[in-house]
Amino acid sequence: MNYGRFASYEDFLKELEQFHGKMAPGGVLGLQMVNLAWELLPPGIEMDVICETRKCLTDAIQLLTPCTVGNHWLKVVDTGRFAAVFYDKRTGKGVRISLSTEKLKNFPVIHDWFFKLTPKKDQSLEAILGEICRAGYDILDHRPVQVDPQVFKPRDKTPPVVCPICGEAYPPAHGDRCRGCQGVTDGTFR
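Just so we're aligned: the sequence shown equals residues 1 to 190 in full-length UniProt numbering.
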């Protein structure tokens with residue numbers, strides 16, 4: 001098992017807990033997914049990732065790979081599925097890895113935790129993490145993918161412009177005013 005920049009599984013767990021704010025079994029699932037991606041992809045590639053959830057999987061990806069939301073090598077397309085596409089940033093060839101709901105049936109502790117069938121107060125974090133480690137890749141599905149070239153094309157380096165309404169800088173490709181002033185928020189603030 002590869003722990004990225006961490007010397008051991010225990011070191012990874014400590015950093016995951018600190019980074020995520022609490023111990024996250026989904027982050028340990030992410031460890032399994034990242035390791036499988038490294039095994040399935042050709043050695044030496046520069047990887048980008050599209051994560052299909054906003055949950056703790058993104059934290060594991062950011063801890064274990066050079067891909068972060070901030071450097072744009074990690075994109076989040078929230079389909080609500082516990083899955084990610086790991087791909088060569090130059091060619092778009094990659095692999096989609098997902099948590100298999102079918103295979104989870106063979107791992108009742110993970111299954112009941114993931115589907116929230118066991119109340120949180122009755123869950124054993126130690127048992128969940130132990131079963132995730134024992135399960136390894138046996139709870140994951142994977143398939144090759146080709147990412148659309150529009151997704152992995154180099155980012156536009158055009159300088160920002162100033163919004164005539166709010167006075168803040170924004171990418172000119174967004175239109176004649178920033179997306180905030182266009183009303184493009186997800187409704188979470190005004």
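Built from N, CA and C at the ideal position, the CB exists for glycine as well. This one's a predicted model, so the numbers in the text were calculated from it and none came from an experiment.
Outcome for residue i when other beta-carbon atoms lying within 10 angstroms are tallied against a minimum of 16
i, result
"residue 16", "buried"
"residue 60", "buried"
"residue 62", "buried"
"residue 67", "buried"
"residue 47", "buried"
"residue 159", "exposed"
"residue 115", "exposed"
"residue 26", "buried"
"residue 166", "exposed"
Own chain residues within Cβ distance below 6 Å of residue i, not counting five before or after
i, result
"residue 85", "50, 94, 96, 145"
"residue 5", "none"
"residue 112", "118"
Own chain, CB closer than 8 Å to residue i, minus 5 neighbours either side, in chain order
i, result
"residue 155", "72"
"residue 20", "27, 56, 59"
"residue 182", "174, 175"
Helix, strand or coil at residue i [DSSP, three-state]
i, result
"residue 94", "strand"
"residue 48", "strand"
"residue 174", "helix"
"residue 159", "coil"
"residue 144", "strand"
"residue 64", "helix"
"residue 82", "coil"
"residue 77", "coil"
Sequence-distant residues of its chain with Cβ nearer than 7 Å to residue i (five each side left out)
i, result
"residue 194", "In the structure as shown, the chain starts at 1 and stops at 190, and residue 194 therefore has no counterpart that could be examined."
"residue 38", "2"
"residue 34", "60, 61, 64, 65"
"residue 36", "97, 137, 140, 142"
"residue 107", "131, 135, 139"
Supposed close pair residue i, residue j - CB separation, criterion 8 Å
i, j, result
"residue 74", "residue 31", "Not quite, the Cβ-Cβ distance comes to about 15 Å (not below 8 Å), so this is no contact."
"residue 53", "residue 82", "6 Å"
Item checked: the region 139–158 touching the region 98–118, judged by at least three CB pairs closer than 8 Å -> yes
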